[in-house]
Ligand SMILES: NC(=O)c1ccc[n+]([C@@H]2O[C@H](COP(=O)([O-])OP(=O)(O)OC[C@H]3O[C@@H](n4cnc5c(N)ncnc54)[C@H](OP(=O)(O)O)[C@@H]3O)[C@@H](O)[C@H]2O)c1
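Residue numbers (the numbering used here): 39 to 344.
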C-alpha cells in the first residue's frame, strides 16, 4: 500500500511517500481502508524524535505518519467485538493514517454515524477529544470564563465551541488575523504578544476562572498569573511548564464514549472542526509543512482515495 513514512528521526528530509506492506490487525486492532486522516503537531514532533523518553520502546523504521483516521473496516483483529468488515468508523492509530490502510486501536474507535462526514470525523480522535478532555477536566460551571491560548488551532477551535456549548464564556488568544474567526466561534479575541495579560484583564474584567493552554512556553507563563486557583490551569501543549506553574497536563480519556459524544456534537451543529485545508496523500508533505509552521486555522486533513 501507499503510505507517507519517516525513515529516521530528523527534519522533512527523512519523509517519503513509500510502498509498504499492508499491515495485519493484531489483538485489539482494526485494519481500516482510510478515507481521511487528521494532521496534528504530534506527527512532525514524533518525526523529530523529541517526544521520546528514556522509557520509549525502540523504533523500527520506516514508521507511518498519522495518529487518527476515518474509513471503512477492512479486517477485524483477534478478540475485537462490536465491529464488522465494511463498518464506517473513526479512531486513533499508533502510527498510520497518511496511508491507504491504517491500524486503529479498537478501544479508541467508534462507528461513524450518518450525518458525520469522514473528513470531520478524522479530526475528532486527537484534536476534538483533547479539546473535550481538557474542558471536562476544568469542570467550569455555566457562566464561568475560560481563557484558551492558541484558540485558532485544531484543539483550541474545538475547545472554544465545547466550552460555549456548556455556557462558559471564552476568551481566546490568537494572532491578529484570526479576530473574526475567533468571534465566529463565539469567543472574545485577544491578540497574543507583549502586554497580553493586560489585554486579557481588559477583556475579562470579571476575571478568569480557568485556562486551557495550547501553546506552552512563554505564552503559558505570561497568562498563568491571571489565575489564582492553579487547579484550574490545564495545558495540552507543555507538560513541564504547566507542572512548574502548579497546573496539570490534560488527562486524555482515550475511549469510545468520548468519540460518540463528539460525533453527536458535530451532528447537532454545536461543534464544527473547521477543516481549513484538505490535501491528497501525494501532498502529505505540504500538509505537514502547514501544521509544522504552527499557525493553522482549525484543522488540516489528508483525504485518501484508493
Ligand atoms: N496531550 C495531547 O494528547 C495532545 C493532543 C493534541 C494536541 N496536543 C498539543 O496541543 C498543542 C495544540 O495542538 P493543535 O493541534 O491545536 O495545534 P495547531 O493546530 O498547530 O494550533 C496551534 C495554534 O496556536 C496558535 N499560536 C501560535 N503561537 C501562539 C502564541 N504565542 N499564543 C497564542 N496562540 C499561538 C497558532 O495560530 P496563530 O499564531 O495564527 O494564532 C495555532 O492556531 C500542540 O502542542 C499539540 O502538540 C496535545
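C-beta: ideal position from N, C-alpha, C; glycine also.
Check your understanding: Since residue 200 contacts residue 173 with CB under 8 Å, what's their CB separation in whole angstroms?
Key -> Translated into the one-based positions of the chain shown, residue 200 becomes position 162. Translated into the one-based positions of the chain shown, residue 173 becomes position 135. About 5 Å; that satisfies the 8 Å criterion.
Practice item. Return yes when at least one heavy atom of ligand 1 lies under 7 Å from the C-beta of residue 290, else no. Key: Residue mapping note: residue 290 aligns to position 252 of the chain shown, counting from 1. Yes, the Cβ of residue 290 comes within 7 Å of a heavy atom of ligand 1.
Exercise for review: Enumerate in chain order the residues of its own chain whose CB-to-CB distance from residue 61 is below 6 Å, with the five nearest sequence positions on each side excluded.
Suggested key: Counting from 1 along the chain shown, the entry for residue 61 is found at position 23. Here the set comprises 141.
Review point. Is the beta carbon of residue 170 within less than 7 Å of some heavy atom of ligand 1?
Key: Residue numbering aside, residue 170 sits at position 132 when the chain shown is read from its first letter. No, the Cβ of residue 170 stays beyond 7 Å of every heavy atom of ligand 1.
Point to revise | Three CB pairs or more closer than 8 Å across the segment 116 to 126 and the segment 177 to 188 | key: Contact between the segment 116 to 126 and the segment 177 to 188 is absent, because fewer than three Cβ pairs lie under 8 Å.
Exercise for review: Count the other CB atoms, across all protein chains shown, that sit within 10 Å of the CB of residue 138; report buried if there are 16 or more and exposed otherwise.
Suggested key: Translated into the one-based positions of the chain shown, residue 138 becomes position 100. Counting Cβ neighbours within 10 Å, residue 138 comes out buried, since at least 16 surround it.
Practice item. Please classify residue 320: is it buried, with 16 or more other beta-carbons within 10 angstroms of its beta-carbon, or exposed? Key: Along the chain shown, read from residue 1 onward, the residue named residue 320 stands at position 282. Exposed: under 16 other Cβ atoms inside 10 Å.
Check your understanding: So, using beta-carbon positions, are residue 342 and residue 73 closer together than 8 Å?
Key -> Counting from 1 along the chain shown, the entry for residue 342 is found at position 304. Counting from 1 along the chain shown, the entry for residue 73 is found at position 35. Contact: yes.
Review point. Between the C-alpha atoms of residue 307 and residue 218, what's the straight-line distance to the nearest angstrom?
Key: Indexing the chain shown from 1 puts residue 307 at position 269. Indexing the chain shown from 1 puts residue 218 at position 180. Cα to Cα, residue 307 sits roughly 19 Å from residue 218.
Point to revise | Inter-residue spacing [alpha-carbon to alpha-carbon] between residue 104 and residue 76 | key: Numbered from 1 along the chain shown, position 66 holds the residue referred to as residue 104. Numbered from 1 along the chain shown, position 38 holds the residue referred to as residue 76. Between residue 104 and residue 76, the C-alpha separation is close to 7 Å.
Practice item. Pull up the distance between the alpha-carbon of residue 298 and that of residue 129, whole angstroms please. Key: Here the question's residue 298 lines up with position 260 in the chain shown. Here the question's residue 129 lines up with position 91 in the chain shown. Their backbone Cα atoms lie some 11 Å apart in a straight line.
Review point. Below 8 Å, can you find three or more Cβ-Cβ pairs linking the segment 221 to 236 to the segment 185 to 198?
Key: yes
**Study point:** Contact under 8 Å by Cβ, residue 261 with residue 187
**Key:** As a position in the chain shown, residue 261 is number 223, starting the count at 1. As a position in the chain shown, residue 187 is number 149, starting the count at 1. Yes, these two residues count as a Cβ contact at 8 Å.
Exercise for review: State whether the segment 330 to 338 contacts the segment 100 to 115, with contact taken as three or more CB pairs (one from each stretch) at a distance under 8 Å.
Suggested key: no
Exercise for review: Would you give the residue range spanned by the beta strand (DSSP E) that residue 81 belongs to?
Suggested key: Position 43 of the chain shown holds residue 81. Residue 81 -> not in any beta strand (DSSP E); alpha helix (DSSP H) instead, spanning 79 to 86.
Exercise for review: Starting from the C-beta of residue 175, find all residues in its chain whose C-beta is less than 8 Å away, skip the five residues before and the five after it, and write them out in chain order.
Suggested key: Position 137 of the chain shown, counting from 1, holds the residue named residue 175. Excluding residues within five positions, the ones whose Cβ falls inside 8 Å are 272, 286, 288, 289.
Exercise for review: Just tell me which of 66, 135, 95 has its CA closest to the CA of residue 145.
Suggested key: Position 107 of the chain shown holds residue 145. Minimum Cα distance to residue 145 is reached at 66.
Practice item. Give a yes or no on contact between the segment 39 to 56 and the segment 86 to 100, applying the rule of three or more CB pairs nearer than 8 Å. Key: The segment 39 to 56 makes contact with the segment 86 to 100: 3 or more CB pairs, one atom from each, lie closer than 8 Å.
Check your understanding: So, helix, strand or coil for residue 320, using DSSP?
Key -> Along the chain shown, read from residue 1 onward, the residue named residue 320 stands at position 282. Helix.
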